[in-house]
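Asker:
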Amino acid sequence: MSKPEETKEGSKAPAITVKTEEEREVEELREVLRAVSDFLKELSPTIKELIDTVLGSLRGDALGKEVGMFYKSLIEAGIKEETATKMAEEFLRRKMEIVTVDVAKILPTLSQLAPRKQEEVVEKKTAEEKAGEEKSG
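So the sequence shown is numbered by my numbering: it starts at -1 and just counts up by one.
#1: Can you tell me whether Pro12 is buried or exposed? The criterion is at least 16 other CB atoms within 10 Å of its CB, across all chains shown.
#2: If you run the structure through DSSP and keep just helix, strand and coil, what is Arg92?
#3: Mapping DSSP to helix, strand and coil, what is Arg28?
#4: Between the region 75 to 83 and the region 50 to 64, do at least 3 Cβ pairs fall closer than 8 Å?
#5: Look at the Cβ atom of Lys93, then the Cβ atom of Glu47, and state whether they are nearer than 9 Å.
#6: Alpha carbon to alpha carbon, how far is Leu61 from Glu74?
#7: To the nearest whole angstrom, what separates the beta carbons of Phe89 and Phe68, a pair I think is in contact under 8 Å?
#8: DSSP state of Thr18, grouped into three classes?
#9: Run through DSSP, which three-state label would Ala13 get?
#10: Let me check understanding here. Comparing Cα to Cα, which of Ile96, Val16, Ser42, Pro106 lies closest to Arg57?
Below, the structure is given as structure tokens:
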């Protein structure tokens, strides 16, 4: 880091900061992690709501009532008991498949729900990099 220079009035001129490549990389990593953290904070309520919706319907008591009501409506509609039982079992099986959905298929959709922030990054060359280019060129 360079020292501030004295001006005619006796006040100090603003310091010029020269960052090394490592410092720029650390700064860039901080920005990336900050963006990821913000993204997860924004996405968190959506994921919680989705999980609550899916798992709420899979609670034992709720699921049992839902399958029972489905079976009852089939019987009341005149479906044979054997067919209604098979249909209720299939209904339950499909409900349970919801739990085994591959998360990798859901994440792209969820990531589109969160707003994106675009930031322009401008890099400045250090004095050492400029000197190295001048020597080689």
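Virtual Cβ for every residue (Gly too), placed ideally from N, Cα, C.
Answerer: Let me lay it out:
#1: exposed
#2: Here Arg92 sits in helix by DSSP.
#3: Three-state result, Arg28: helix.
#4: no
#5: no
#6: Between Leu61 and Glu74, the C-alpha separation is close to 20 Å.
#7: About 5 Å separates the two Cβ atoms, so the contact holds.
#8: coil
#9: coil
#10: Ile96
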